[in-house]
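Below you'll find the structure, written out as structure tokens, and then a few comments.
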Amino acid sequence: MKLILLGAPGAGKGTQSARISEKYNIPAIATGDILRAAIKEGTELGKSAKSYIDAGKLVPDEVVIGIIREKLASDSCRNGFILDGFPRSIPQAEALDQMGVAMDAVLSLEVPDEKIIERMSGRRVCHCGASYHVVYLPPMQTGICDKCGNKLYIRDDDAEETVRKRLETYHAQTEPLKAYYAKKGILITVEGQEEVADTTRAVFSALASVE
Ligand code: AP5
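With the working numbering, the residue at position 204 of the sequence shown is 188, and numbering never jumps.
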């Protein structure tokens, strides 16, 4: 299974990609996680990405295309993979085509903007990659990661003003990808549900038609 997860910031891509990855036993490649790890490590990549991320803008195409090219060449992607957060612009999608990667499906998670703002204000994340919501997906112990026991934190780019900017960026630069992939006949849309488990059920049922 070679799958792209599309969706607005906070639509639930990371949450669902963890579940799909487990079910299909394929790695999830999340460009946002890779960039945040680079920022934390203070690498050149991290330093250049930080200003774009904090402003709710996209990191330049050539930077993320380079990251993906390297990841897809690794052995772990031989039996399939999930791209979470890539491509995010038409030039990125064209670059993926040029790499000769034939995707099986592009799954777009649809969630209205007002709902996104509410979700982001309650999101808590861990450096291990786990993500929670104070109401919809709370950890067993408040503020502590179920998986590794570390303290949870709020992402800098989850401030409401930045989320609004990220939504603008999504509608202007990423949403046109729906038409791009619909034209190729591989777009599937799933409505995000109130409960994480209900969205997972809808996602698995949509993917059953691709297997
Ligand atoms: P990235 O980390 O990819 O952020 P994003 O796409 O904005 O998506 P998020 O991680 O914020 O949300 P998500 O859809 O994964 O939602 P989640 O599952 O956490 O990118 C960050 C930045 O990096 C970008 O702004 C950009 O600057 C840069 N970048 C990354 N990729 C790039 C690229 N390709 N090109 C250029 N720049 C790039 O869910 C959100 C919350 O809702 C959680 O709290 C969750 O628990 C909760 N939730 C999930 N599902 C449900 C549900 N069904 N019901 C209720 N709550 C739910």
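Heads up, the beta-carbon is just placed ideally off N, CA and C, and yes, glycines get one too.
Answer yes or no: do Ile117 and Gly106 have a C-beta to C-beta separation smaller than 8 Å? Taking the first residue of the sequence shown as 1, we reach residue 117 at position 133. Taking the first residue of the sequence shown as 1, we reach residue 106 at position 122. The identity of residue 117 in the sequence shown is His, whereas the question assumes Ile. Contact: yes.
Do you know how far the Cα of Met83 is from the Cα of Arg53? The residue given as residue 53 occupies position 69 in the sequence shown. The residue given as residue 83 occupies position 99 in the sequence shown. Straight-line Cα distance between these residues: approximately 8 Å.
Can we say the segment 117 to 126 touches the segment 4 to 20, given the rule of at least three CB pairs closer than 8 Å? no
Do Ala166 and the ligand AP5 come close, with the Cβ less than 7 Å from some heavy atom? Reading the sequence shown from its first residue, position 182 is the one you call residue 166. Because no heavy atom of the ligand AP5 lies under 7 Å away, the Cβ of Ala166 does not count as near it: no.
Sheet register partners of Gly106 (DSSP bridge): For the purposes of this step, residue 106 is identified with residue 122 of the sequence shown, where counting begins at 1. Bridge partners of Gly106: none, in fact.
For the pair the segment 140 to 149 and the segment 38 to 47, tell me if three or more CB-CB distances fall below 8 Å. yes
Provide the residue(s) that pair with Ile23 in DSSP beta bridges, ordered along the chain. Taking the first residue of the sequence shown as 1, we reach residue 23 at position 39. According to DSSP, Ile23 bridges with nothing at all.
Less than 7 Å separating the Cβ of Gln76 from some heavy atom of the ligand AP5? Here residue 76 corresponds to residue number 92 of the sequence shown, with the count starting at 1. Within the cutoff, so yes.
Phe188: CB within 7 Å of a non-hydrogen atom of the ligand AP5: Within the sequence shown, residue 188 is the residue found at index 204, counting from 1. Answer for Phe188: no, Cβ out of range of the ligand AP5.
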